[in-house]
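Q:
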Amino acid sequence: MATKTRSDLPEGPPAIIFKGTVKKIKSATMKEVPISDRTAVVRVDQVIEAPRTFAHCGGQDITVELGGKKKVSVGEQFIFHANSWIFGDSVAVRAVTQERVTKEHLALMSPGGEPTEQRKNRQLQKRLNAADLVVSGKVAAVTIPPEPVPSTRGAGAPRKPVSEHDPKWRQAVIVVDQTHKGKHDSKQVNVLFPASTDVRWYKAPKFQVGQKGVFVLHKTKIKTDEHHELRGLAPRGAAGEAEVYTALDPADAHPLKQQAVIKEMIRP
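In terms of the numbering used here, the sequence shown has 501 at position 200, counting the first letter as 1, and numbering is strictly consecutive.
(1) Using the C-alpha atoms, what's the distance from Glu350 back to Ala316?
(2) So, helix, strand or coil for Leu518, using DSSP?
(3) If you follow the beta strand (DSSP E) that Arg366 is part of, which residue opens it and which one closes it?
(4) Would you mind reading off the limits of the alpha helix (DSSP H) that contains Ala561?
(5) Taking only the alpha-carbon atoms, compute the straight-line gap between Ala548 and Met566 and give it to the nearest angstrom.
(6) Are the region 360–379 and the region 425–443 in contact at 8 Å, needing three or more beta carbon pairs?
(7) Can you list, in chain order, the residues of its chain with a C-beta nearer than 6 Å to that of Gln378? Leave out the 5 residues immediately preceding and following it.
(8) Give the secondary structure of Pro495 by DSSP, where H, G and I count as helix, E and B as strand, and everything else as coil.
(9) Give me the residue from Trp470, Lys520, Leu531 and Gly541 with the minimum Cα distance to Pro506.
(10) Can you find the residues in the same chain that come closer than 8 Å, C-beta to C-beta, to Asp478, ignoring five residues on each side of it along the sequence?
(11) In whole angstroms, give me the CA-to-CA distance for Met288 and Val375.
(12) In terms of alpha-carbon separation, which member of Asp486, Val476 and Arg501 lies closest to Val510?
(13) What residue from Val517, Val334 and Cys358 has the CA that sits closest to Arg344's CA?
(14) Rounded to the nearest angstrom, what separates Gln472 and Pro446 at their Cα positions?
(15) Assuming Gly514 and Pro468 form a contact by the criterion Cβ under 8 Å, report the distance between their Cβ atoms to the nearest whole angstrom.
(16) Could you check where the beta strand (DSSP E) with Lys320 kicks off and where it finishes?
(17) When DSSP builds the beta bridges, which residues end up paired with Ser385?
(18) Taking just the CA atoms, how far does Gln419 sit from Arg454?
(19) Closest by CA to Thr364, which one among Phe494, Phe355, Arg395 and Gln347?
(20) What's the C-alpha gap between Ala543 and Val490?
Set out below in structure tokens:
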């Protein structure tokens, strides 16, 4: 089987949570893994949250590069919070942390819970908790952000070269039917989102005119002098900075049929 390594990808929050038992120290399940004092063979007792690529690994022995510096012993059980590393004849992950199993973890390990759904729900809960505004409504327009008002003092700061990771910002105008979290006096809200399909941005919601849904919005301060197409959003005298609503995560846009579930998940 071809081996794929993901060590070159940027590491975000742990994508995999599982309960496992340490079987061997300073060992690995595949030859591609560089063995060290921090590599261990671990049996996956239960997958709690994971993407589809890992959801089937329950009952298997895998390699874990342990997080932190605390020693572990053969036979100990831990809750591992990890990210993908190497896939081949076996699987190797890099643990961000590992915690000894306690009663508090029992809530995570609901019997029969589908790992990919639990991961998706946890991410949604995290985004809802952090959101400044949650609304349901309809996208009335998608536009390029407004041009800055011409300055009487000259042409202004020169444009910086466009990066290969340029987000290609667009502005969605959402007509609000209901506000579920936060305060917003207007019946419409403007939301910035990246139209780019670059690796850094492809997972972000791409709003379409006529789209109806529930939108999880976050106030974000953007340095408009670093994004020339956003200079028109900066208030006069704001020194190149604008506070805008953004939707940058897949969990920031949902179909209307999920409205009731999302309302239940919003904490007062």
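Just so it is clear, CB atoms sit at the ideal spot from N, CA and C, and this is done for glycine as well.
A: Well, looking at it:
(1) Here residue 316 refers to the residue found at position 15 when the sequence shown is read from its first residue. Here residue 350 refers to the residue found at position 49 when the sequence shown is read from its first residue. Computed Cα separation, rounded: 8 Å.
(2) On the sequence shown, position 217 is the one that residue 518 refers to. Note: Leu518 maps to strand in three-state DSSP.
(3) In the sequence shown, counting from the first residue as 1, residue 366 sits at position 65. Note that residue 366 is Glu in the sequence shown here, rather than Arg. Note, Glu366: beta strand (DSSP E), Asp362 to Glu366.
(4) The residue given as residue 561 occupies position 260 in the sequence shown. Unbroken alpha helix (DSSP H) run through Ala561: Gln560 to Met566.
(5) Here residue 548 is taken as the residue at index 247 of the sequence shown, counted from 1. Here residue 566 is taken as the residue at index 265 of the sequence shown, counted from 1. So the two alpha carbons sit approximately 18 Å from each other.
(6) In short, these stretches do not touch, since the Cβ pair count stays below three.
(7) Position 77 of the sequence shown, counted from the start, is the residue given in the question as residue 378. Non-local C-beta neighbours of Gln378 in its own chain, meaning closer than 6 Å and more than five positions away in sequence, comprise Thr322 and Val402, ordered along the chain.
(8) Position 194 of the sequence shown, counting from 1, holds the residue named residue 495. Pro495 falls in the strand class under three-state DSSP.
(9) As a working mapping, residue 506 is identified with position 205 in the sequence shown. Here the closest residue by C-alpha is Trp470.
(10) Taking the first residue of the sequence shown as position 1, residue 478 is located at position 177. Here the set comprises Val436, Ser437, Gly438 and Lys439.
(11) Examination of residue 288 is not possible in this model, given that the chain is present from 302 through 569 alone.
(12) For this step, residue 510 is matched to residue 209 along the sequence shown. For the residues Asp486, Val476 and Arg501, the minimum Cα distance to Val510 belongs to Val476.
(13) By 1-based counting over the sequence shown, the position of residue 344 is 43. Proximity to Arg344 across Val517, Val334 and Cys358 peaks at Cys358, based on C-alpha coordinates.
(14) Position 171 of the sequence shown, counted from the first residue, corresponds to residue 472. Position 145 of the sequence shown, counted from the first residue, corresponds to residue 446. Gln472 and Pro446 have their C-alpha atoms spaced approximately 6 Å apart.
(15) In the sequence shown, counting from the first residue as 1, residue 514 sits at position 213. In the sequence shown, counting from the first residue as 1, residue 468 sits at position 167. That pair is no contact at about 21 Å.
(16) The residue given as residue 320 occupies position 19 in the sequence shown. Looking at the DSSP string, the run of the beta strand (DSSP E) that includes Lys320 is Ile317 to Ile326.
(17) Taking the first residue of the sequence shown as position 1, residue 385 is located at position 84. For Ser385, the pairing in a beta bridge is given by DSSP as Val394.
(18) Numbered from its first residue, the sequence shown carries residue 454 at position 153. Numbered from its first residue, the sequence shown carries residue 419 at position 118. Summary for Arg454: the model assigns pLDDT 45, below 50, so the residue's position carries little reliability; its value from the coordinates is reported in the next sentence. The alpha-carbon separation between Arg454 and Gln419 amounts to approximately 55 Å.
(19) Along the sequence shown, read from residue 1 onward, the residue named residue 364 stands at position 63. Looking only at Phe494, Phe355, Arg395 and Gln347, the smallest Cα-Cα distance to Thr364 is reached by Arg395.
(20) Against the sequence shown, residue 543 aligns to sequence position 242. Against the sequence shown, residue 490 aligns to sequence position 189. Rounded to whole angstroms, Ala543 to Val490 spans 15 Å at the Cα level.
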